Every structure is written in C-alpha cells, then in structure tokens.
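**Student:**
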Amino acid sequence: MSTPYADTLIVMPALNEEEALPAIIREVQEKLPGIAVLVVDDGSVDRTAAVARREGALVLQLPFNLGVGGAMRAGFRFALANGFRNVVQVDADGQHDPADLPALLAELETADLVLGARFAGVGTYRVRGPRHWAMVVLSGVLSRLAKTTLTDTTSGFRASGRRAVELFARHYPAEYLGDTVESLVIAARAGCVIRQVPVAMRQRTAGTPSHNPFKSAIYLGRAGLALTISLLRPRVVISDEAVPL
Amino acid sequence: MNTASYIFGIVAAALTLVTVIELLRRRRLRERHIVWWLIFGLLVLVIAVFPSVLVWLAALVGIAIPINLVFFVSIIALFLVSLQQSAEATRLENKTRVLAEDVALLELRVRRLEERLERERSE
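These protein sequence lines are chains V and Z, in that order. Each residue of the first sequence is one higher than the one before, counting from 46 in this note's numbering. Each residue of the second sequence is one higher than the one before, counting from 1149 in this note's numbering.
1) Which of the three DSSP states is assigned to P108 of chain V in this structure?
2) Hey, could you find the ends of the alpha helix (DSSP H) T1151 of chain Z is sitting in?
3) Here's the rule: buried if 16 or more other CB atoms are within 10 angstroms of the residue's CB, otherwise exposed. What is I231 of chain V?
4) Does any CB atom of chain V fall closer than 8 angstroms to the CB of L1165 of chain Z?
5) If we define contact as Cβ-Cβ less than 8 angstroms, is A1237 of chain Z a contact residue for chain V?
6) For the region 152–232 of chain V, which segments carrying the beta strand (DSSP E) assignment without a break, of at least 3 residues, lie completely within its bounds, in sequence order?
7) Can you list the beta strand (DSSP E) stretches of 3 or more residues lying completely in the region 58–103 of chain V, in chain order?
8) CA-CA distance, L190 of chain V and A148 of chain V?
9) For S1230 of chain Z, is the classification buried or exposed, using 16 other Cβ atoms within 10 angstroms of its Cβ as the cut-off for buried?
10) Do we get a CB-CB distance below 8 angstroms when we pair L187 of chain V with the residues of chain Z?
11) Which partner residues does I1233 of chain Z have in the DSSP bridge list?
12) In the DSSP assignment, what are the bridge partners of I55 of chain V?
13) For G115 of chain V, return the contacting residues in chain Z, with the cut-off set at a CB-CB distance below 9 angstroms.
14) I need the boundaries of the alpha helix (DSSP H) containing I1211 of chain Z, first residue and last residue.
15) As a quick exercise: from V:V133, V:V242 and V:R208, pick the residue whose alpha carbon is nearest that of G236 of chain V.
16) In chain order, what residues of the same chain have a beta carbon less than 6 angstroms from the beta carbon of R203 of chain V, not counting five sequence neighbours either side?
17) So is N61 of chain V in contact with chain Z if we call contact Cβ pairs under 8 angstroms?
18) Taking the alpha carbon of A144 of chain V as the reference point, which residue from V:P258, V:A95, V:L277 and V:P243 has its own alpha carbon closest?
19) Could you spell out the range, first to last residue, of the alpha helix (DSSP H) harbouring V1197 of chain Z?
20) Starting from the C-beta of A151 of chain V, find all residues in its chain whose C-beta is less than 8 angstroms away, skip the five residues before and the five after it, and write them out in chain order.
21) Can you give me, in chain order, the residues of the region 88–120 of chain V that have a beta carbon less than 8 angstroms from any beta carbon in chain Z?
22) With a 10 Å radius around its C-beta and 16 neighbouring C-beta atoms as the bar for buried, classify G79 of chain V as buried or exposed.
23) Once the 5 residues before and after L1177 of chain Z are set aside, which same chain residues still bring their CB inside 7 angstroms of it?
24) For the 8 angstroms Cβ check, are there 3 or more pairs between the region 1232–1243 of chain Z and the region 85–94 of chain V?
25) T1238 of chain Z by DSSP, collapsed to three states: which one?
26) For L1253 of chain Z, go through chain V and note every residue whose CB falls closer than 9 angstroms to its CB, in chain order.
27) I'd like to know whether the C-beta of A219 of chain V is nearer than 8 angstroms to at least one C-beta of chain Z.
28) Quick one: is L1256 of chain Z near chain V, going by C-beta distance under 8 angstroms?
29) Contact defined as beta carbons within less than 8 angstroms: I believe A262 of chain V pairs with P175 of chain V. What is the distance between those atoms, to the nearest angstrom?
30) In chain order, what residues of the same chain lie with their CB nearer than 7 angstroms to the CB of R247 of chain V, ignoring the 5 residues before and after it?
31) Between the region 61–71 of chain V and the region 111–130 of chain V, can you find at least three pairs of beta-carbon atoms closer than 8 angstroms?
This is the structure we're talking about:
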C-alpha cells in the first residue's frame, strides 16, 4: 500500500473482449504500477474472465449480461466493500489511454466525478449526423444541470470519488444509456461536483464503432428518452452516515 | 336473448371464476396478482345472471349499445392487468440483477480466500 494509487480501483466492464483485454491490462500495469484492476465480465461467452485472471486482474464474473450499468454497479459495490476510495472506469477495448488517468485523479481532489472528455481539443475523435446532435443536446442539458461545461457526456472514461462511489454503489442505473446519461443526472442532482478533463481517444484495438445513420437516429431518440425519464425520477440524496449495503 | 345464450354466458363466467380460484387455491398465483381477475370475473358473472344490470349501467354512462360498455371495460381491464405485469417484470428484473451482482461478488471473495489459504498452506 505504498503506491499513490493504493486507494484507487480501475473497473473495466468487459463483454467478449478476450482479444483486446490483455493489452490494456498490461498497459495499465506498466503506466500505473501497483494499481488494482477489476475486470467485470458481463456475461461473456469467450475466455474474457480467464484471460483477465491470467494478466493478474481481479475478476467479477456476472452470471449473465447486465449491461455496462449493471457491470459498473457491481464494480462500485466491490470498491465500497473493499475500501477503495476512487473508482476509474476504463473501457476494455483500449480506446482510453491509461496515461490520462493521473490527470483525472488530480481533478478528483476537488470534485466528486471527473469525465474524460473526447472533444475538448485533444485527439482526433469526431462524430457527425444524428449522433452529433444527440451529444450536443445532452451536453447542453447536463452542463446546465451540473453547473459546469460538459462537452462529452457519453464518455465512458470517468473517475468517481468517495461520495460518487457511495452514491453509485446504490443507485447506478442499469438501463440503456443509464451508465452515461442518467448516472450524470443522478450525481448532479445529488449535489456531486462534476468536472471534465480533456483526453485523447484512440482507435479501438478490436471491433469497429457504428456509423450507421439509421442506428444513430435511434440513438438520438433513446438518448432523449433516457434523459427525460431520468429528469422525471425522484432525486436521490447522499446520506452522510454509511448505511451497509 | 334466448335461453341457450343466457346459460352459455353464465357457464363461461362461472368457468373463468372457478379457474381463477383454483389457481389461487393451488398457490400457482399470488393473491395480489389475482385481485383484478377476481373482480372482473365476479362482475362478468353478475352481468351473465342479470343482463338487465348491463343495460342499466350502459344507460347510466350514456352508452347507446350496451355491448360497447362490455368491450370498453374489457379493454381497460386487460390494459391494467398487462401494465401490472410489466411493473412486476421490472421488479423481478431488478431483484435478479442484485442477486447476479451478489453472486459475482461472493464468487470473487471465495476465490481470493481460497488463494490466500493455498498460499498460507504452502508456506
């Protein structure tokens, strides 16, 4: 427990990522020696869990697919039960650079939730069409709610501090887009301080992102619905005395 | 309405009600799921026995053709019951999700304990 990352847990939700996983775990261990890595195997049908164990990661093996939200909730619960103060979500497909993690953690000193934003001037990640409009609308509404400028609300690269971890271990939404949009709404309305840090996104080491315009339009609709529903739900409050799960 | 259709109505309503009660009796259905089916089953039986009740009710709410009241109430009833089942499915999904998380967390805990035990034994 002598590294600066002793109280930080990296959580990687992984679904059938046996190809990309070893490289990203090794990269994390190389760039951030001593940090704990928890791979949440979200009902994979390949050897994701076995590969992650071989690389020395902790593995939570969900009996069936719960989605990113469910996987992250399990990760937050693990962090809370095992005394980790911070949780950093990193994608298992290698699109997030572990080298950006210290910047996120530094910002976490004065914030509860830090997003790694892909469009804030660093890197070459671009989207167009309905997916772009969805992101603009989401950014506008969520920025106002969080009282800060958020340019990339659907980023899966995010660091949660103690208060956010406690909140999310109980209330992390498992629905579609809940892990990105609704979790921000819950955190902002619970009074968490939210910030963003610009990060570069890399090409996925395996698999391809979707650029089908029809799918993007559906995404726009579902994102709007997710946002509306999350705003209609009752506000969650963080209790300061720890309640056992 | 002739005698045959009158008896047919009563038999159908009674059969429905008996099925509901029998499922409840064998604990195949929980009572909170069955409340609506019981209420509507009883209502149908009353109307089958006393068709004039239907005519009177239809006139009361201003529906010219009494059978339309039957269709209207039936659709509302089916809608409410399916809504209740959606809510129930969501509730159960949430419960299984928590159980799945618990299983995964416990499995990891057991695995780490076993590893530690193995290490201590080999020392």
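Where a beta carbon is used, it is the ideal one built from N, C-alpha and C, also for glycine. Since the structure is predicted, the reported quantities are computational estimates derived from the model, not experimental observations.
**Tutor:** So, from the listed chains and residues:
1) coil
2) T1151 to R1173
3) buried
4) no
5) no
6) 158–162 and 203–205
7) 81–87
8) 24 angstroms
9) exposed
10) no
11) Correcting the residue identity first, residue 1233 of chain Z is Gln in this sequence and not Ile. Paired residues: none, contrary to the question.
12) V:V82 and V:V133
13) R1245, A1248 and E1249
14) Taken as a continuous stretch (DSSP letters only), I1211 of chain Z belongs to no alpha helix (DSSP H), as it is neither H nor E.
15) V:R208
16) Q134 and L160
17) no
18) V:P243
19) E1179 to V1197
20) none
21) L103, V104, L105, Q106, L107, P108, F109, L111, G115, R118 and A119
22) exposed
23) L1171
24) no
25) helix
26) L105, A119, R122, F123 and A126
27) yes
28) yes
29) 4 angstroms
30) G139, Q140 and D142
31) no
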